[in-house]
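In full-length UniProt numbering, the protein residues as written are 1 to 116. Note that CB positions come from ideal geometry on N, CA and C, so glycine has one too. Fair warning: this is a prediction, and the values are worked out from it, not measured in the lab. Please read the structure below before turning to the comments.
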Amino acid sequence: MNVNHVNLPVDDIEGAGGFMTTYFGLKRRTINERIAVLADDDGFVLTLMNAGEGAGAESPSHLGFYLGDRETVDDLHQRFADDGFDPMEPTVQHGRYGFYVEAPGGLTVEVGARAE
């Protein structure tokens, strides 16, 4: 079985969609005031739906991106900080090295790699 999409509520569709295209290379298929449909070249589809005011920040949902190694995680952490985001400091937990960052629209994103 393959997961082919993730659907998440966000407060700012345009901002969250732009974040995903800028930092993770997803491509826009559709975007309007109600929904953004983003995809990668491997068939993964991410849909971001308008959750209403404040709903995204209260959601326990998050989107996880796993990278090749700690150095790549650290590089992206620095890029987020340089661009004005406030990523949590990377930690080692449950066999993974990584951090969380809040994207526009209240979407929480996990970035990690194996802790080896």
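- The C-alpha of E89 is placed about 28 Å away from the C-alpha of M49.
- Under DSSP, N50 forms a beta bridge with V10.
- According to the DSSP assignment, L76 belongs to the alpha helix (DSSP H) that extends over 70-82.
- The C-beta of A81 has fewer than 16 other C-beta atoms within 10 Å across all chains shown, which makes the residue exposed.
- The beta carbon of V92 sits closer than 8 Å to the beta carbons of A115 from its chain, once the five residues preceding and following it are set aside; these are given in chain order.
- Annotated three-state conformation of F65 is strand, per DSSP.
- Inclusion of H62 and T22 in the CB contact set at 8 Å is not warranted, their separation being larger than that value.
- DSSP, reduced to helix, strand and coil, places G112 within a strand of the structure shown.
- Spanning the alpha carbons of G15 and I31 requires a straight line of approximately 11 Å.
- Under the criterion of beta carbons closer than 8 Å, D75 and A113 do not qualify as touching, at roughly 11 Å.
- Under the three-state reduction of DSSP, F99 is assigned to strand.
- In this structure G106 is buried. Its beta-carbon is surrounded by 16 or more other beta-carbon atoms within 10 angstroms.
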